[in-house]
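Okay, so the sequence shown: first residue is 11 according to my numbering, each after it adds one. Here is the structure we will look at.
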Amino acid sequence: MSYNLKTLGQFSIDQVLDMHAEWEMGAADKKATFCIENLAYEVNRSSQRYGVFSASILCFACGLVGEYFLLQQSPNDSPKKAHFNLYGKLFDEEILFTKDHIMPKSKGGSDNILNYRTMCLRCNMAKADNELLVTPLDILSARQVKEQLKLAGIARTNTSYNKMSNQLDWLVDQVNKIRDIK
Ligand SMILES: [Zn+2]
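Encoded structure:
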């Protein structure tokens, strides 16, 4: 997938989520400044997507893990502003992460943070306004991801790890339902 975004630099999950947490705890102003090659870029720490990714860096649908953030600009952004986008890798392909509306906007879902969950763009596009389509292969890869997370000790906090586990359990339920139908 190509995203038509200009990349300024790469940052770790912790760097970006800590930046957001500082604002959430009232320890920092909304505006953060990042310098790349002597140019300063203003980033909005309060952006909702960082809150969504703080809860989980795992795609709710396929289990793909967000691995790093890129500081990027959209074609319409002012030259002095930038934002962080979360990315994961599927084989060698770089996949953008999005915040997905749990209740779709077209069905009256709100833009409140409680109505968002983490989803990779691939799944978000496949889902569109429909119910999630989950295949047994998705479950298998999600389980493998869960094991890898456990082995690597990647879970940021027990809370976010538990949320990831719940998501994976939900996926298993979906597969069982599909099996029942067949
Ligand atoms: Zn996905």
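Quick reminder that beta carbons are idealized off the backbone N, C-alpha and C, glycines included. As the structure is a prediction and not an experimental result, all values here were calculated from the model.
Outcome for residue 109 when other beta-carbon atoms lying within 10 angstroms are tallied against a minimum of 16: As a position in the sequence shown, residue 109 is number 99, starting the count at 1. Residue 109 should be labelled buried.
Applying the criterion that 16 or more other CB atoms from any shown protein chain within 10 Å of the CB defines a buried residue, is residue 128 buried or exposed? Against the sequence shown, residue 128 aligns to sequence position 118. Residue 128 is classed as buried because its beta carbon has at least 16 other beta carbons within 10 Å across all chains shown.
Closer than 7 Å: is that where the CB of residue 45 sits relative to any heavy atom of ligand 1? As a working note, residue 45 is residue 35 in the sequence shown. Residue 45 Cβ: outside cutoff for every heavy atom of ligand 1.
From residue 80 to residue 54, what distance separates their C-alpha atoms? Here residue 80 is taken as the residue at index 70 of the sequence shown, counted from 1. Here residue 54 is taken as the residue at index 44 of the sequence shown, counted from 1. Spanning the alpha carbons of residue 80 and residue 54 requires a straight line of approximately 14 Å.
Would residue 125 and residue 112 qualify as a contact pair, given that the criterion is a beta-carbon distance under 8 Å? Reading the sequence shown from its first residue, position 115 is the one you call residue 125. Reading the sequence shown from its first residue, position 102 is the one you call residue 112. Taking 8 Å as the Cβ cut-off, residue 125 and residue 112 qualify as a contacting pair.
Reducing DSSP to helix, strand and coil, say where residue 252 ends up. Here the chain covers residues 11 to 192 and nothing more, so residue 252 does not appear.
Would you check whether ligand 1 has a heavy atom nearer than 7 Å to the C-beta of residue 132? Working through the sequence shown from its first residue, we reach residue 132 at position 122. Residue 132: yes, Cβ under 7 Å from ligand 1.
Quick check on residue 34: does DSSP put it in helix, strand or coil? Counting from 1 along the sequence shown, the entry for residue 34 is found at position 24. Correct three-state label for residue 34: helix.
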